[in-house]
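Using the numbering used here, the final residue of the sequence shown is 375, and nothing's skipped along the way.
From the three backbone atoms N, C-alpha and C, an ideal C-beta is built for every residue, glycine too.
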Amino acid sequence: MDSFLLGLIAGSFVSIGAYSVLIGDNPLSKFTENLYMGILGGFIFATNWNYVRTSAINPVLQGNYIFVVAVILCVMLFSRLKIEWLWLSRYPVAVTVGAGLGLAIRTSVMADFLGQINATVLPLNNINNLVMIVGTVTAAAYFIFTAQMEGPYKYVNQTGRIFLLAAFGVTYGQTVSFRFELVIGRLVDMLRPEVALYTYAMLLLVALGLGYGYYTKKIKWYSGR
151 MDSFLLGLIA GSFVSIGAYS VLIGDNPLSK FTENLYMGIL GGFIFATNWN YVRTSAINPV
211 LQGNYIFVVA VILCVMLFSR LKIEWLWLSR YPVAVTVGAG LGLAIRTSVM ADFLGQINAT
271 VLPLNNINNL VMIVGTVTAA AYFIFTAQME GPYKYVNQTG RIFLLAAFGV TYGQTVSFRF
331 ELVIGRLVDM LRPEVALYTY AMLLLVALGL GYGYYTKKIK WYSGR
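And the structure:
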């Protein structure tokens, strides 16, 4: 059995264990959850360590001693592990937040303010541009101007609310369709001809094991069933 096939089988088993949470928290779902968090934690640690090594440690070893400051700030972050040294971690956090805010302000003015205005100023030569302009203006008025809904503003407020509901509905639909794409992708991998038999066998064993443990009370169900 090659490593690729073994990986598909292991992925099918983990997927079945993860989806078993739909019938309640059980030992198998807890195992897959802890397995995922452990692998994710190890991957994040390895990725961050490789970034620190290539971006700070290696330049220092090559004679770029200005990076010593970055290494010291990184080490100071670990002072949060001891309450007496907690105050040391404030300095790297302050540097990180300050640099992040400076970069964000520089880009957000163009992207979130001027860019949005330029995208809204459209020629009124087709219905799409007209809908875009009316929706933007009325939705902004619905949020910004909190005056009492009387007179003409009442219709502006109601129009903006309709546009917002439509936008939220489209966003929710896209989110649901994306989740379905993830599920379909997993099912395609689990039902490959070379692993379909293993998937059916594991699904049957998991269902029998969880069902037996549930009805005989030999498996603790964390949902309190």
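Can you tell me whether DSSP reads R342 as helix, strand or coil? One-based indexing of the sequence shown puts residue 342 at position 192. Coil, per DSSP.
Cutoff 7 Å; reference V306; Cβ partners in own chain excluding five residues on either side: As a first step, residue 306 is located in the sequence shown; it is residue number 156 there, counting from the start. Around V306: T288 and A291.
Would a C-beta distance cut-off of 9 Å place L382 and E344 closer than the cut-off? With the chain covering only 151 through 375, there is no way to say anything about residue 382.
Distance check for N279 and Q212, CA to CA, integer angstroms please. Here residue 212 corresponds to residue number 62 of the sequence shown, with the count starting at 1. Here residue 279 corresponds to residue number 129 of the sequence shown, with the count starting at 1. Q212 and N279: Cα-Cα distance of roughly 56 Å.
Contacting residues, own chain, Cβ-Cβ under 7 Å from V333 (five flanking each side not counted): To locate residue 333, count along the sequence shown from 1; it is residue 183. Here the set comprises nothing.
With H, G and I counted as helix, E and B as strand and the rest as coil, what does DSSP make of P273? Your numbering for residue 273 matches position 123 in the sequence shown. Correct three-state label for P273: coil.
Per the contact definition of three or more C-beta pairs closer than 8 Å, is the segment 341-361 in contact with the segment 314-331? no
Rounded separation between S205 and L227 - CA only: Here residue 205 corresponds to residue number 55 of the sequence shown, with the count starting at 1. Here residue 227 corresponds to residue number 77 of the sequence shown, with the count starting at 1. The C-alpha of S205 lies about 17 Å from the C-alpha of L227.
Would you say N176 and Y362 are within 9 Å of each other, going by their C-beta atoms? Residue numbering aside, residue 176 sits at position 26 when the sequence shown is read from its first letter. Residue numbering aside, residue 362 sits at position 212 when the sequence shown is read from its first letter. No, these two residues do not count as a Cβ contact at 9 Å.
Quick check on G323: does DSSP put it in helix, strand or coil? Locating residue 323 in the sequence shown gives position 173, where the first residue counts as 1. Reduced to three states, the DSSP call for G323 is helix.
Using DSSP with H/G/I as helix, E/B as strand and the rest coil, what is N198? Against the sequence shown, residue 198 aligns to sequence position 48. In this structure, N198 counts as helix in the three-state DSSP scheme.
Are A196 and S179 close, meaning C-beta to C-beta below 9 Å? As a working mapping, residue 196 is identified with position 46 in the sequence shown. As a working mapping, residue 179 is identified with position 29 in the sequence shown. No, the Cβ-Cβ distance between A196 and S179 is not below 9 Å.
Which of the three DSSP states, helix, strand or coil, is assigned to F293? Position 143 of the sequence shown, counted from the first residue, corresponds to residue 293. Helix, per DSSP.
What span of residues does the alpha helix (DSSP H) with I216 cover, start to end? Walking along the sequence shown from the start, residue 216 turns up at place 66. Premise fails: I216 is in no alpha helix (DSSP H) and is neither H nor E.
Should T182 go down as buried or exposed, given a rule of 16 or more other Cβ atoms within 10 Å for buried? Indexing the sequence shown from 1 puts residue 182 at position 32. When all chains shown are included, T182 counts as buried.
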